[in-house]
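Engineer: Structure incoming, see below.
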Amino acid sequence: MNFTKKILILSFLLVLLNFSFLHIVSAEENQRGDLTREEIIIEAQRSLDRSLSIFNIVATAMGVLVGLITIIVAIAGAAGFFKYKEWKAVIEDAKREADTIKRIRNEAEEDLNALRSGLGDLPTIPLTEKPSEEEMEKLDEFIRKFDVFETLGASLKAEDYMTRGIAFYHRDKYYSALESFKKAIELRPDLAVAWALKGAMLEKLGRREEALESLEKAIELKPDLAVAWALKGVVLGRLGQSKEALEAYKKAIELKPDDANALYNKGVVLGKFGRYDEELEAYEHAIKLKPDLAEAWYNKGVALERLGRSEEALESLKKAIELKPDDANAWVLKGAMLDKLGRSEEALESLKKAIELKPDLADAWYNKGVALGKLGRSEEALEAYKKAIELKPDLAEAWYNKGVALGKLGRSEEALEAYKKAIELKPDLADAWALKGAMLDKLGRYDEALESLEKAIELKPDYAEAWTGKGVVLGELGRSEEELEAYKKAIELKPDYADAWFNRACLYALKGERENALSDLRRAIELDSSFKERAKKDKDFEALWDDEEFRKLVA
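In terms of my numbering, the sequence shown opens at residue 62 and continues consecutively.
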């Protein structure tokens with residue numbers, strides 16, 4: 062609000078205050094005049110209206126300001142400083158301005174109609190569609206002039222308030238938008254789209270129960286209003302009512318099959334139900350309708366990864382980034398995908414970009430740690446995990462991987478504490494239980510180690526690595542028969558797990574079962590040639606070091 066306008070409004074308030082002094086005007090003067098208190102208020106308001114010309118012509122505005130001040134002085138004069146005839150003369154002057162006021166209001170109507178015409182289809186823009194810069198300029202102009210139209214008594218319609226609400230929404234002024242949609246409903250209680258937009262604003266403001274009521278009212282008024290069903294799906298989803306949300310999206314799509322956003326949101330809900338093939342289909346349909354929908358490309362990547370199609374997932378994420386280069390989450394997922402595909406250096410670059418875009422994104426720091434760990438840069442990995450934990454102290458996976466990094470750096474006690482914290486945060490994290498067991502084994506706390514490994518197996522019965530770890534601990538406890546059974550189970554679950562073959566070979570060698578020992582060692586070396594060097598140094602094979610076949614195997 063500009064300075065002149067503020068002064069004018071203040072002046073009007075002074076007018077109202079001065080009315081309280083009118084009772085001191087003599088009865089004789091009051092009888093002689095034909096001017097009532099209500100008429101004085103009307104005349105003052107009309108003078109104020111003149112000051113709010115929509116054309117913002119400063120000279121005219123200042124002229125009106127002078128006129129208004131004259132009226133204020135005249136009212137004060139009514140308290141006894143001036144004669145009544147002088148006050149009445151001022152009022153008569155104000156009446157003569159009626160034709161000017163009428164002209165201003167007519168001009169306001171003309172300007173309002175011109176603005177409506179210029180907006181064209183803008184008022185019907187979906188909230189999900191960001192207006193162009195040119196369109197926003199028109200909406201901003203509408204906002205700027207709206208208060209003037211309202212003050213001058215222009216014939217504003219419910220649709221005009223909706224337009225203002227949409228303009229406010231795109232300027233992130235959600236409270237103002239909500240008030241505009243409420244006013245539209247006040248003017249036209251049967252306007253379903255206004256109820257729907259009110260619901261959208263309430264959802265934006267976190268008032269989801271109220272939002273749902275508003276959207277249900279919109280649907281009651283117009284059952285075929287697709288946007289109301291789509292918005293209802295959004296609200297239900299955020300209220301945790303995924304099944305109902307899915308039904309709402311289905312209805313929205315039935316009414317409007319080309320609604321890319323509804324299809325996208327349907328995909329999100331399907332993903333929550335583990336229906337990944339259908340989820341992927343929904344995203345692909347959305348992309349076909351709206352190829353520049355970055356969120357759909359991103360979630361398509363997520364769905365493809367869930368289906369084990371990592372290469373395709375990576376391509377989808379690249380497209381999401383092409384469309385929205387500043388999406389830090391897309392850079393994180395791209396990095397994670399590259400790392401999974403064994404391209405850790407590229408992954409690291411992607412994760413650095415994510416951190417550059419959003420330095421406080423814990424997932425980016427966590428995945429950076431994973432990539433650094435795979436590159437053998439344990440110290441740097443540890444620092445990355447620490448940063449992730451600083452940003453998100455309840456990120457169990459970061460605590461787990463911090464333990465891994467500490468273990469590689471030989472800091473066993475600290476590693477153990479990190480695993481304990483990971484388990485505290487996420488008691489069903491089998492990997493943390495398994496490595497906690499391995500660390501306890503390393504520290505010579507075998508009974509505790511066995512307990513931890515058995516917990517890992519309880520959580521994940523097909524966990525071959527945990528079965529192998531259990532076998533190692535049972536060996537330390539002298540329970541060789543159970544140790545052998547543990548290795549057998551590990552090999553059964555994961556026939557290409559070299560560690561299980563090697564550990565069983567060690568056990569057979571200690572038991573003096575030469576053929577079994579050499580057979581298992583051969584298989585371990587076939588799977589991982591590094592076991593040649595380990596076998597040469599491992600004292601479990603001491604009895605075979607001079608064996609010719611053993612020597613050939615490890616040569």
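Ideal Cβ positions, reconstructed from N, Cα and C, are used throughout, including at glycine.
Apart from the five residues just before and just after Gly-468, which ones in its own chain have a Cβ nearer than 6 Å to its Cβ?
Structural biologist: For Gly-468, where only same-chain residues beyond five positions count, the Cβ hits under 6 Å are Ala-476.
Engineer: Give, in chain order, every unbroken run of the alpha helix (DSSP H) that is at least 4 residues long and sits entirely within the segment 559 to 601.
Structural biologist: Segments of the alpha helix (DSSP H) lying fully in the segment 559 to 601: 559 to 572, 575 to 588 and 592 to 598.
Engineer: Do Asn-360 and Gly-396 have their CB atoms nearer than 7 Å?
Structural biologist: No, they are not a contact pair.
Engineer: Count the other CB atoms, across all protein chains shown, that sit within 10 Å of the CB of Ala-491; report buried if there are 16 or more and exposed otherwise.
Structural biologist: Flag for Ala-491 reads buried.
Engineer: Please state whether the Cβ-Cβ distance between Ala-449 and Ala-423 is less than 7 Å.
Structural biologist: The answer is yes: Cβ separation under 7 Å.
Engineer: Quick test of your reading: Leu-297 and Ala-257, contact by CB under 8 Å. State the CB separation rounded to the nearest angstrom.
Structural biologist: Rounded, the Cβ-Cβ distance is 14 Å, inconsistent with contact.
Engineer: Looking only at C-alpha atoms, which of Leu-588, Ala-364, Glu-417 and Ala-408 sits nearest to Asp-387?
Structural biologist: Cα-wise, what sits closest to Asp-387 is Glu-417.
Engineer: Identify, in the order they occur along the chain, each residue of the same chain with its Cβ nearer than 6 Å to the Cβ of Leu-470, setting aside the five sequence neighbours on each side.
Structural biologist: Cβ within range, chain order: Ser-439.
Engineer: CB-CB under 6 Å to Lys-312, same chain, minus the five flanking residues each way: which ones, in chain order?
Structural biologist: Contacts found: Trp-290.
Engineer: How is Ala-279 classed by DSSP in three states: helix, strand or coil?
Structural biologist: Note: Ala-279 maps to helix in three-state DSSP.
Engineer: Roughly how many whole angstroms lie between the Cα atoms of Leu-200 and Arg-225?
Structural biologist: About 7 Å.
Engineer: Here's the rule: buried if 16 or more other CB atoms are within 10 angstroms of the residue's CB, otherwise exposed. What is Lys-600?
Structural biologist: The residue is exposed, with fewer than 16 neighbouring Cβ atoms inside 10 Å.
Engineer: What separation, rounded to the nearest whole angstrom, lies between the Cα atoms of Thr-529 and Asp-353?
Structural biologist: Using only the alpha carbons, I get a separation of about 49 Å.
Engineer: Please report the straight-line C-alpha distance between Asp-338 and Glu-308, rounded to a whole angstrom.
Structural biologist: Taking the straight line from one Cα to the other gives about 18 Å.
Engineer: Which same chain residues end up closer than 7 Å to Ala-559 when comparing Cβ atoms and leaving out the 5 residues on each side of it in sequence?
Structural biologist: Counting only Cβ-Cβ distances below 7 Å, and skipping sequence neighbours, we find Ala-585, Leu-588, Asp-589 and Phe-592.
Engineer: Could you check which residue in Ser-371, Ala-381, Lys-419 and Val-393 has the C-alpha nearest to that of Gly-403?
Structural biologist: Of the candidates Ser-371, Ala-381, Lys-419 and Val-393, the one whose C-alpha sits nearest the C-alpha of Gly-403 is Ser-371.
Engineer: Applying the criterion that 16 or more other CB atoms from any shown protein chain within 10 Å of the CB defines a buried residue, is Tyr-480 buried or exposed?
Structural biologist: Buried: at least 16 other Cβ atoms inside 10 Å.
Engineer: Under 6 Å Cβ to Cβ from Phe-563, same chain only, skipping five residues before and after it: list those, please.
Structural biologist: Cβ within range, chain order: Ala-585 and Phe-592.
Engineer: How about Ser-513 and Gly-498: do their beta carbons lie closer than 7 Å?
Structural biologist: Cβ atoms of Ser-513 and Gly-498: closer than 7 Å.
Engineer: My guess is that Tyr-507 and Glu-537 are in contact by the Cβ rule of under 8 Å, so how many angstroms apart are they, rounded?
Structural biologist: Their Cβ separation, rounded to whole angstroms, is 5 Å, which keeps Tyr-507 and Glu-537 in contact under 8 Å.
Engineer: Candidates Ala-347, Glu-515 and Lys-304: which alpha carbon is nearest Ala-321's?
Structural biologist: For Ala-321, the nearest C-alpha among the options comes from Ala-347.
Engineer: Let me confirm a value: Arg-205 is counted as buried when at least 16 other C-beta atoms fall within 10 Å, else exposed. Which label applies?
Structural biologist: Label assigned to Arg-205: exposed.
Engineer: Please classify Tyr-461 as buried or exposed, where buried requires at least 16 neighbouring CB atoms within 10 angstroms.
Structural biologist: Label assigned to Tyr-461: buried.
Engineer: Would Leu-443 and Ala-466 be called neighbours here (beta carbons separated by less than 7 Å)?
Structural biologist: Closer than 7 Å, so yes.
Engineer: Pick helix, strand or coil for Leu-511, following the three-state DSSP scheme.
Structural biologist: It is helical.
Engineer: Anyone know if the C-beta pair for Gly-260 and Ser-237 falls short of 7 Å?
Structural biologist: No.
Engineer: Roughly how many angstroms lie between the CA atoms of Phe-611 and Leu-582, to the nearest whole one?
Structural biologist: In a straight line, the C-alpha of Phe-611 is about 9 Å away from that of Leu-582.
Engineer: Whole angstroms are fine: how far does the CA of Asp-233 sit from the CA of Ala-323?
Structural biologist: Using only the alpha carbons, I get a separation of about 22 Å.
Engineer: Whose CA, out of Asp-557, Glu-594 and Phe-602, lies closest to the CA of Tyr-569?
Structural biologist: With distances taken between Cα atoms, Tyr-569 lies closest to Phe-602.
Engineer: Thinking Tyr-325 and Ala-357 are a contact (beta carbons under 8 Å), I'd like their distance in whole angstroms, please.
Structural biologist: Their Cβ separation, rounded to whole angstroms, is 5 Å, which keeps Tyr-325 and Ala-357 in contact under 8 Å.
Engineer: Can you determine whether any heavy atom of the ligand HEM sits closer than 6 Å to the C-beta of Lys-380, and answer yes or no?
Structural biologist: With respect to the ligand HEM, the structure offers nothing, as it holds no ligand at all.
Engineer: At the level of alpha carbons, what is the spacing between Ala-566 and Asp-523?
Structural biologist: The alpha-carbon atoms of Ala-566 and Asp-523 are separated by roughly 21 Å.
Engineer: Is Ala-459 near Tyr-446, with beta carbons less than 7 Å apart?
Structural biologist: Yes.
Engineer: Taking the continuous alpha helix (DSSP H) assigned at Tyr-446, which residues delimit it?
Structural biologist: Counting along the chain, the alpha helix (DSSP H) containing Tyr-446 begins and ends at 439 to 452.
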